[in-house]
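FYI, in our numbering the residues of the sequence shown are 1392 to 1673.
The beta carbon of each residue, even a glycine, is placed where N, CA and C say it ideally should be.
As the structure is a prediction and not an experimental result, all values here were calculated from the model.
Just below is one structure, and these are the notes that go with it.
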Amino acid sequence: MKKNGYACRIGLLLLFLAWFPLSASAEIPEPADRWTFAVQPYLWLPSISGSLSYGISEGGGPNVDIDTTNILESLNFALMFTAEARKKRWSLWTDVIYLDLESSGSQVKSINFSGPGGRVTVPATLDAGTNVEIEGIEWGLAGSYTVAQGKISVLDVLVGFRYFGIEAKTDWNLSGTVSGPGPGQSFARTGSISKREDLWDGIIGIRGRVGLGSGKWGIPYYFDIGTGSSDLTLQGAAGIQYRFSWIDLSLLYRYLYYDMEEGELLQDVGIGGPMIGVNFRF
1392 MKKNGYACRI
1402 GLLLLFLAWF
1412 PLSASAEIPE
1422 PADRWTFAVQ
1432 PYLWLPSISG
1442 SLSYGISEGG
1452 GPNVDIDTTN
1462 ILESLNFALM
1472 FTAEARKKRW
1482 SLWTDVIYLD
1492 LESSGSQVKS
1502 INFSGPGGRV
1512 TVPATLDAGT
1522 NVEIEGIEWG
1532 LAGSYTVAQG
1542 KISVLDVLVG
1552 FRYFGIEAKT
1562 DWNLSGTVSG
1572 PGPGQSFART
1582 GSISKREDLW
1592 DGIIGIRGRV
1602 GLGSGKWGIP
1612 YYFDIGTGSS
1622 DLTLQGAAGI
1632 QYRFSWIDLS
1642 LLYRYLYYDM
1652 EEGELLQDVG
1662 IGGPMIGVNF
1672 RF
């Protein structure tokens, strides 16, 4: 709940930052009546906090704390870009991320067993080494409308969806077997398990840019919130940007959060870190 409240405060702050300079400008020029396009390859280097829950399988299902503090050491491959098509005040925007990473610093914290009253969670014995492989695709697609545009600042509202497909595999090595609550229930000292999850969530949000000075420097911002497969998902980003005639250079901090029901693969996962991008406008 603390994370959710913090995220709402960030969203309100971004709304204020966007509204203030726009309201101070009486001139709201109409965007050009032609199609314009933009493509931005970028590099996002987040740390991932949260856990994976493999439910209840034969012999018990592990709950695993994820540790990817050093994303560069964990990363095997990544592809990240955004693209936009705009005409007048309407635009169609998409964001694509593919990540393939591996973490040897993760840890099995507990085991799920089936009991007479349902799920029973038993703490794990000392973890002697757990390796997690994660392959994931994030795809966002949204339509947006420019509600205000000043000389150097702009504010869009957006509606769309976000897809997050993740496949996780965990290899564990414990100091001993873990016994369950029932007769004959035990979780092996070593083993491997994998699971896939596909999340579809509708989102609403804002995005834009607050111009500074002459407008070459500015503060780009983005915030969305949604639900669907997840109880709650939200994403926010803000930073600094410099504009050339047809290229933008941006440095931002970006955060993505998923709050899931108990028993789902992802459990309170937060993904946040610096992001650098080069946006080509044509």
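{"Item": "Measure the beta-carbon distance from P1495 to D1456 and round it to whole angstroms, keeping in mind my assumption that it falls under 8 Å.", "Value": "Residue identity check: residue 1495 is Ser in the sequence provided, not Pro. S1495 to D1456, Cβ: 13 Å. No contact."}
{"Item": "Would you mind sorting V1660 into buried or exposed? The rule is 16 or more other CB atoms within 10 Å of its CB.", "Value": "buried"}
{"Item": "Let's test the definition: count the other Cβ atoms within 10 Å of the Cβ of Y1648 and tell me whether it reaches 16, buried, or not, exposed.", "Value": "buried"}
{"Item": "Is the beta carbon of E1526 sitting closer than 8 Å to the one on I1488?", "Value": "no"}
{"Item": "How would you call P1574, buried or exposed, if buried means at least 16 neighbouring beta carbons within 10 angstroms?", "Value": "exposed"}
{"Item": "Going along the chain, which residues of its own chain have a beta-carbon closer than 7 Å to the beta-carbon of T1516, five neighbours each way excluded?", "Value": "L1565, S1566, G1567, V1569"}
{"Item": "With DSSP collapsed to three states, give me the class of S1465.", "Value": "helix"}
{"Item": "Taking all protein chains shown into account, decide if W1484 is buried (16 or more other Cβ within 10 angstroms of its Cβ) or exposed.", "Value": "buried"}
{"Item": "Report the three-state DSSP secondary structure of M1471 (helix, strand or coil).", "Value": "strand"}
{"Item": "To the nearest angstrom, how far is it from the Cα of G1619 to the Cα of I1662?", "Value": "19 Å"}
{"Item": "On the DSSP bridge list, what partners appear for P1437?", "Value": "Partner(s): none; P1437 has no beta bridge."}
{"Item": "Three or more beta-carbon pairs under 8 Å between the region 1598 to 1607 and the region 1534 to 1550, yes or no?", "Value": "yes"}
{"Item": "Taking DSSP's pairing of strands, which residues face D1424 in a bridge?", "Value": "Answer is none; D1424 lacks a bridge partner."}
{"Item": "Please report the distance separating the alpha-carbon of G1541 from that of G1556.", "Value": "38 Å"}
{"Item": "Just to confirm the assignment, what range does the beta strand (DSSP E) spanning D1518 have?", "Value": "1518 to 1540"}
{"Item": "Just reading off the beta strand (DSSP E) that Y1612 is part of, what are its end residues?", "Value": "1608 to 1619"}
{"Item": "With respect to 7 Å, is the separation between the Cβ of P1574 and the closest non-hydrogen atom of the ligand PLP below this value?", "Value": "This structure simply doesn't include the ligand PLP, nor any ligand for that matter."}
{"Item": "As a quick exercise: from S1583, I1631, L1643, pick the residue whose alpha carbon is nearest that of G1606.", "Value": "I1631"}
{"Item": "With DSSP collapsed to three states, give me the class of A1628.", "Value": "strand"}
{"Item": "Using CA atoms only, rank isn't needed, just tell me which of T1624, W1608, R1580, L1603 is closest to D1592.", "Value": "T1624"}
{"Item": "Taking DSSP's pairing of strands, which residues face Q1658 in a bridge?", "Value": "S1442"}
{"Item": "For R1580, does the three-state DSSP call read helix, strand or coil?", "Value": "coil"}
{"Item": "CB-CB under 6 Å to T1427, same chain, minus the five flanking residues each way: which ones, in chain order?", "Value": "R1477"}
{"Item": "In terms of residue numbering, what span does the beta strand (DSSP E) encompassing D1547 cover?", "Value": "1545 to 1565"}
{"Item": "Along the chain, where does the beta strand (DSSP E) containing D1650 start, and where does it finish?", "Value": "1638 to 1650"}
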